[in-house]
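Colleague:
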Amino acid sequence: MQTQACQDLDRAHHLHPFTDFKALGEQGSRVITHAQGVYVHDSEGHRILDGMAGLWCVNLGYGRRELVEAAAVQMTELPYYNTFFNTTHPPVARLAEKLCALAPPHINHVFFTGSGSEANDTVLRMVRRYWALKGKPEKQWIIGRENGYHGSTVAGMSLGGMAPMHDQGGPCVPGITHVRQPYWFGEGQDQSPEAFGRACAAALEEKILELGEDKVAAFIAEPVQGAGGAIMPPASYWPAVKAVLAKYDILLIADEVICGFGRLGAWFGSQHFGLAPDLMPIAKGLSSGYLPIGGVLVGDRVADTLIEEGGEFCHGFTYSGHPTCAAVALKNLELLEAEAIVERVRDDLGPYLAELWAELGDHPLVGEARSLGLMGALELIDPATEERFDKALSAGNLCRDICFATGLVMRSVGDTMIIAPPLVITRDEIDELVCLARQALNETARRLADQRVAAPTDALHSEETRA
Ligand code: PXG
Numbered sequence: 001m002q003t004q005a006c007q008d009l010d011r012a013h014h015l016h017p018f019t020d021f022k023a024l025g026e027q028g029s030r031v032i033t034h035a036q037g038v039y040v041h042d043s044e045g046h047r048i049l050d051g052m053a054g055l056w057c058v059n060l061g062y063g064r065r066e067l068v069e070a071a072a073v074q075m076t077e078l079p080y081y082n083t084f085f086n087t088t089h090p091p092v093a094r095l096a097e098k099l100c101a102l103a104p105p106h107i108n109h110v111f112f113t114g115s116g117s118e119a120n121d122t123v124l125r126m127v128r129r130y131w132a133l134k135g136k137p138e139k140q141w142i143i144g145r146e147n148g149y150h151g152s153t154v155a156g157m158s159l160g161g162m163a164p165m166h167d168q169g170g171p172c173v174p175g176i177t178h179v180r181q182p183y184w185f186g187e188g189q190d191q192s193p194e195a196f197g198r199a200c201a202a203a204l205e206e207k208i209l210e211l212g213e214d215k216v217a218a219f220i221a222e223p224v225q226g227a228g229g230a231i232m233p234p235a236s237y238w239p240a241v242k243a244v245l246a247k248y249d250i251l252l253i254a255d256e257v258i259c260g261f262g263r264l265g266a267w268f269g270s271q272h273f274g275l276a277p278d279l280m281p282i283a284k285g286l287s288s289g290y291l292p293i294g295g296v297l298v299g300d301r302v303a304d305t306l307i308e309e310g311g312e313f314c315h316g317f318t319y320s321g322h323p324t325c326a327a328v329a330l331k332n333l334e335l336l337e338a339e340a341i342v343e344r345v346r347d348d349l350g351p352y353l354a355e356l357w358a359e360l361g362d363h364p365l366v367g368e369a370r371s372l373g374l375m376g377a378l379e380l381i382d383p384a385t386e387e388r389f390d391k392a393l394s395a396g397n398l399c400r401d402i403c404f405a406t407g408l409v410m411r412s413v414g415d416t417m418i419i420a421p422p423l424v425i426t427r428d429e430i431d432e433l434v435c436l437a438r439q440a441l442n443e444t445a446r447r448l449a450d451q452r453v454a455a456p457t458d459a460l461h462s463e464e465t466r467a
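Pasting the structure below:
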């Protein structure tokens with residue numbers, strides 16, 4: 001199909017996620033046609049290094065025949081059956097066992113869903129059910145974080161702390177509130193990172209006391225915030241948060257949808273930070289995005305109560321434990337393990353990226369360059385003031401569009417640039433990624449300087465800046 005024909009159909013009938021429909025209609029979608037390894041290809045013949053692994057999910061990279069074959073075999077044998085009404089099937093049972101073997105030792109059960117958002121809906125219901133069964137139904141409040149992301153269903157967006165989503169989707173689920181995020185570059189520079197990390201944990205404790213220490217059920221957080229801007233907390237943050245939660249007997253929900261399956265150089269982000277969460281929502285890298293599947297890894301404390309004292313848990317989805325998705329996820333985990341990909345991220349690729357990425361911190365446009373495992377962020381600043389650019393300049397979006405036009409997918413969250421490439425990326429491909437990022441920074445700086453000299457800021461949204 002020609003680019004134009006595809007764009008026309010798309011414009012006429014397709015409403016995209018998180019999109020200004022009118023603006024996209026005027027501009028037209030990019031058409032991605034195929035992909036291999038760490039590269040995606042568009043309908044115009046461009047090859048683009050996918051620095052975002054799709055949407056933080058294609059951990060094994062594109063074109064893995066083993067995953068295709070696992071799906072084909074399972075589809076031939078049993079494409080679908082449900083896991084309601086006391087039924088199961090081999091792929092889901094095997095996947096459950098494998099996940100529990102990879103998870104921290106106190107986690108021995110999994111509840112399957114179709115996505116990360118559904119996983120967080122499940123979490124909300126499980127947590128409240130748990131405390132009701134424990135005879136403490138007044139423990140209802142769940143505390144999340146400002147700028148946290150937990151999905152786009154009503155429960156997911158309520159648990160998340162994205163203000164524009166709350167504004168559009170409200171009213172949110174009652175009994176959920178948010179505390180400040182451990183975003184040192186954005187919100188904490190008046191203190192040392194360590195002091196700021198402790199202050200964020202203290203804010204959590206204050207919130208618990210404000211709500212009533214017997215009324216708080218759980219705290220939900222991503223080990224590293226992904227969609228919020230690849231925000232790695234100061235080293236003091238997680239130990240201090242752990243201590244607060246233990247003091248008031250509050251469950252920890254570590255949302256592993258992005259951090260899970262090797263992104264940070266451990267199977268789960270919680271293992272990297274030494275956390276022992278009661279619940280871990282998962283999705284994305286579980287199947288490397290080849291098929292949609294998510295779930296909640298459930299620690300013994302919650303699972304034992306649900307099993308021993310629970311009766312029926314009135315919750316589940318048609319696609320909970322979908323056999324084909326489960327077979328692909330299982331094969332994906334087997335390949336990650338057989339190829340020692342998580343270890344490679346920890347011992348080789350992560351440190352290698354960290355070295356090169358840190359060098360970008362010297363660029364005049366970069367206020368901070370940080371990375372952990374195969375996740376990285378660049379904070380763009382105006383070299384003239386060393387402060388953020390005027391929002392109207394959309395510096396981050398400009399840099400993102402330049403990246404795309406020169407062959408790199410690098411996302412922007414405001415003026416924070418983000419990468420999270422497939423975990424199978426090679427050192428040479430990391431060199432290419434960093435080189436393209438530097439070129440894009442240079443070009444962004446040049447265009448912003450030109451704009452400042454002459455033109456109204458509207459010119460930034462002109463045809464020239466589009467990929
Ligand atoms: N939790 C976390 C931590 C996520 O990052 C979800 C839950 C929801 O997963 P589903 O499968 O329902 O999308 C996510 C999803 C972005 C972006 O722009 C990030 C996500 C989804 C879409 C866009 O960075 N993360």
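Start counting the sequence shown at 1; every next residue gets the next number (full-length UniProt numbering). The beta-carbon is built from N, C-alpha and C at its ideal position, and this holds for glycine as well.
#1: Within the same chain, show all residues whose beta-carbon is closer than 8 Å to that of Gly396, passing over the 5 residues directly before and after it, in chain order.
#2: Who are the Cβ neighbours of Thr33 in its own chain at under 8 Å, not counting the five residues just before and after it?
#3: What do you reckon, is the C-beta of Pro281 under 7 Å from a heavy atom of the ligand PXG?
#4: State the start and end residues of the unbroken alpha helix (DSSP H) segment that holds Pro239.
#5: For the beta strand (DSSP E) containing Arg47, name the first residue and the last one.
#6: When you measure from the CB of Asn86 to every non-hydrogen atom of the ligand PXG, does any distance come out below 7 Å?
#7: Taking the C-alpha atoms as reference points, what is the distance between Gly265 and Gln271?
#8: Using a threshold of 8 Å, state whether the C-beta atoms of Lys139 and Asp214 are closer than that.
#9: Just mark Arg447 as buried or exposed, buried being the case when its beta carbon has 16 or more other beta carbons within 10 Å.
#10: Between the C-alpha atoms of Gly25 and Gly316, what's the straight-line distance to the nearest angstrom?
#11: Residues in the same chain with beta-carbon distance under 7 Å from Arg47, minus the five sequence neighbours each way, listed in chain order, please.
#12: Can you tell me whether Gln189 is helix, strand or coil according to DSSP?
#13: Taking all protein chains shown into account, decide if Gln7 is buried (16 or more other Cβ within 10 angstroms of its Cβ) or exposed.
#14: Sort out for me which residues DSSP pairs Phe112 with in a bridge.
#15: Using CA coordinates, which residue listed in Lys134, Leu436, Gln225, Thr122 is at the minimum distance from Glu308?
#16: Are the beta-carbon atoms of Leu211 and Val244 separated by less than 8 Å?
#17: Per DSSP, what kind of secondary structure is Ala440 in: helix, strand or coil?
#18: Which term fits Arg129, buried or exposed, when burial requires 16 or more other beta carbons within 10 angstroms of its beta carbon?
#19: Taking 7 Å as the limit between beta carbons, can you name the residues of its chain near His106, skipping five residues before and five after?
#20: What is the residue span of the alpha helix (DSSP H) that Gly61 lies within?
#21: Looking at Ile258 and the ligand PXG, is the gap between the Cβ and the nearest heavy atom below 7 Å?
#22: Just the C-alpha distance for Lys242 and Thr3, rounded to the nearest angstrom, thanks.
#23: Identify whether His166 lies in helix, strand or coil by the three-state DSSP scheme.
#24: Would Ala420 and Met162 be called neighbours here (beta carbons separated by less than 8 Å)?
#25: CA-CA distance, Ala96 and Trp267?
#26: Let's see if you can read the secondary structure: which residues bound the alpha helix (DSSP H) around Arg11?
#27: For Ala303, which residues from the same chain have a beta carbon less than 7 Å from its beta carbon, with the 5 sequence-adjacent residues on both sides left out?
#28: Roughly how many whole angstroms lie between the Cα atoms of Tyr250 and Ile293?
#29: Beta carbon of residue 473: closer than 7 Å to some heavy atom of the ligand PXG?
#30: Assuming Thr406 is part of the beta strand (DSSP E), what are its boundary residues?
#31: Residue 473 and Met232 look like a contact to me (Cβ under 8 Å); what is the Cβ gap, rounded to whole Å?
#32: Applying the criterion that 16 or more other CB atoms from any shown protein chain within 10 Å of the CB defines a buried residue, is Thr83 buried or exposed?
#33: In whole angstroms, what is the alpha-carbon distance linking residue 468 and Glu187?
#34: Any idea which residues DSSP pairs Tyr149 with across the strands?
#35: Apart from the five residues just before and just after Thr457, which ones in its own chain have a Cβ nearer than 7 Å to its Cβ?
#36: Helix, strand or coil: how does DSSP classify Gly285 here?
Modeller: With the given structure in hand:
#1: Leu380, Ser412, Val413, Gly414, Asp415, Thr416, Met417
#2: Cβ neighbours of Thr33 within its own chain (closer than 8 Å, five residues either side excluded): His41, Asp42, Ser43.
#3: yes
#4: Where Pro239 is concerned, the enclosing alpha helix (DSSP H) stretches over 237 to 247.
#5: Taken as a continuous stretch (DSSP letters only), the beta strand (DSSP E) holding Arg47 covers 47 to 50.
#6: Checking the Cβ of Asn86 against the ligand PXG gives no.
#7: 9 Å
#8: yes
#9: buried
#10: If I take the Cα positions, the gap works out to 37 Å.
#11: Tyr39, His41, Gly407
#12: coil
#13: buried
#14: Gly295
#15: Lys134
#16: no
#17: helix
#18: buried
#19: Same-chain partners within the cutoff: Ala276, Gly299, Asp300.
#20: From DSSP, Gly61 is part of no alpha helix (DSSP H); its letter is neither H nor E.
#21: yes
#22: 52 Å
#23: helix
#24: Result no, Cβ atoms of Ala420 and Met162 do not sit closer than 8 Å.
#25: 15 Å
#26: 3 to 13
#27: Asn108, His109
#28: Correcting the residue identity first, residue 250 is Ile in this sequence and not Tyr. Going from the Cα of Ile250 to the Cα of Ile293 covers about 28 Å.
#29: Residue 473 is absent from the model: the chain starts at 1 and stops at 467.
#30: Looking at the DSSP string, Thr406 is not in any beta strand (DSSP E); the run it does join, the alpha helix (DSSP H), is 395 to 406.
#31: Residue numbering for the chain in the displayed model covers 1 to 467; residue 473 lies beyond these limits and cannot be assessed.
#32: buried
#33: In this structure the chain extends from 1 to 467, so residue 468 is not present and cannot be described.
#34: Answer is none; Tyr149 lacks a bridge partner.
#35: Annotation note: pLDDT 47 at Thr457 (below 50); position unreliable, no value reported.
#36: helix
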